[in-house]
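K.L.:
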Amino acid sequence: MLNTMESLICEEAPPCDASAWSEHDAMPLRGGVAHPLTTIDRALVPEHVAAAVSPLRPQLFVTVLEADDNALLIRWVESGRCHYGEQRWRLRVALQPGRCAISGQPIEAGEPVFRPVRRPVPANGDEMIRPASVPGAAPGT
Numbered sequence: 236m237l238n239t240m241e242s243l244i245c246e247e248a249p250p251c252d253a254s255a256w257s258e259h260d261a262m263p264l265r266g267g268v269a270h271p272l273t274t275i276d277r278a279l280v281p282e283h284v285a286a287a288v289s290p291l292r293p294q295l296f297v298t299v300l301e302a303d304d305n306a307l308l309i310r311w312v313e314s315g316r317c318h319y320g321e322q323r324w325r326l327r328v329a330l331q332p333g334r335c336a337i338s339g340q341p342i343e344a345g346e347p348v349f350r351p352v353r354r355p356v357p358a359n360g361d362e363m364i365r366p367a368s369v370p371g372a373a374p375g376t
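If you read the sequence shown in my numbering, its first letter stands for residue 236, the second for the next number, and so on.
In structure tokens form, the structure reads like this:
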């Protein structure tokens, strides 16, 4: 069953079932522009993967939509703070100690971590994710 947004997007151009599309089809965007449903050098995470609940904050749900060695596409939902449907994260070096938003494991300064792209500065710009906590990212990066 389509949700409200899917029904609004799909009411003009059937079929709306994305599983029926091939990798060479295009998906409609606002303004009538389309982008291909392909990714290059990225691991798509299956849709049935549930959002990870942070062990540190029960109101935080993080879903990895795409992952590769240097970047992530994240769905970040934190009740009362922020919600990003598709947020880009890049591999960086931790400037200060902290904790992984997915696993809750400690992070030391100097470790490689994924951080949100900072233009514009997001509400969760201080968050970090360890590469070892992400399926599809190289754990030893």
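Think of the CB as a built atom: it goes at the ideal place given N, C-alpha and C, for glycine as much as any other residue.
Going by the beta-carbon positions, is the gap between ARG310 and THR298 smaller than 7 Å?
P.N.:
The residue given as residue 310 occupies position 75 in the sequence shown. The residue given as residue 298 occupies position 63 in the sequence shown. Yes, the Cβ-Cβ distance between ARG310 and THR298 is below 7 Å.
K.L.:
Taking Cβ positions, are ILE337 and ALA302 nearer each other than 7 Å?
P.N.:
Within the sequence shown, numbered from 1, the residue matching residue 337 stands at position 102. Within the sequence shown, numbered from 1, the residue matching residue 302 stands at position 67. No, the pair does not count as a contact, with Cβ atoms beyond the cut-off.
K.L.:
Determine the direct distance from the alpha carbon of ASP304 to that of ILE364, and round the result to whole angstroms.
P.N.:
The count along the sequence shown starts at 1 and reaches residue 364 at position 129. The count along the sequence shown starts at 1 and reaches residue 304 at position 69. Cα to Cα, ILE364 sits roughly 13 Å from ASP304.
K.L.:
Determine the closest residue to GLY320 out of PRO351, GLY345, GLY333 and PRO293, with distance taken between C-alpha atoms.
P.N.:
As a working note, residue 320 is residue 85 in the sequence shown. Ranking the options by Cα distance to GLY320, first place goes to PRO351.
K.L.:
Return the residue from the list GLN294, SER289, ALA306 and PRO293 that minimises the CA-CA distance to ALA372.
P.N.:
Within the sequence shown, residue 372 is the residue found at index 137, counting from 1. Among GLN294, SER289, ALA306 and PRO293, the Cα nearest to that of ALA372 belongs to ALA306.
K.L.:
Mind checking which residues open and close the beta strand (DSSP E) that includes PRO347?
P.N.:
On the sequence shown, position 112 is the one that residue 347 refers to. First-last of the beta strand (DSSP E) with PRO347: 347-351.
K.L.:
Measuring alpha carbon to alpha carbon, tell me which of GLN294, GLU362, SER289 and SER314 ends up nearest GLN331.
P.N.:
Reading the sequence shown from its first residue, position 96 is the one you call residue 331. With distances taken between Cα atoms, GLN331 lies closest to GLU362.
K.L.:
Who are ILE364's beta bridge partners in DSSP?
P.N.:
Reading the sequence shown from its first residue, position 129 is the one you call residue 364. ILE364 is bridged to PHE349.
K.L.:
At which residues does the beta strand (DSSP E) containing ILE309 begin and terminate?
P.N.:
Residue 309 sits at position 74 when you count from the first residue of the sequence shown. Segment 306-313, the beta strand (DSSP E) holding ILE309.
K.L.:
Near GLY333, which residues of its chain fall below 7 Å by C-beta distance, leaving aside the five closest residues on each side in sequence?
P.N.:
As a working mapping, residue 333 is identified with position 98 in the sequence shown. Answer for GLY333: ILE342 and MET363, listed in chain order.
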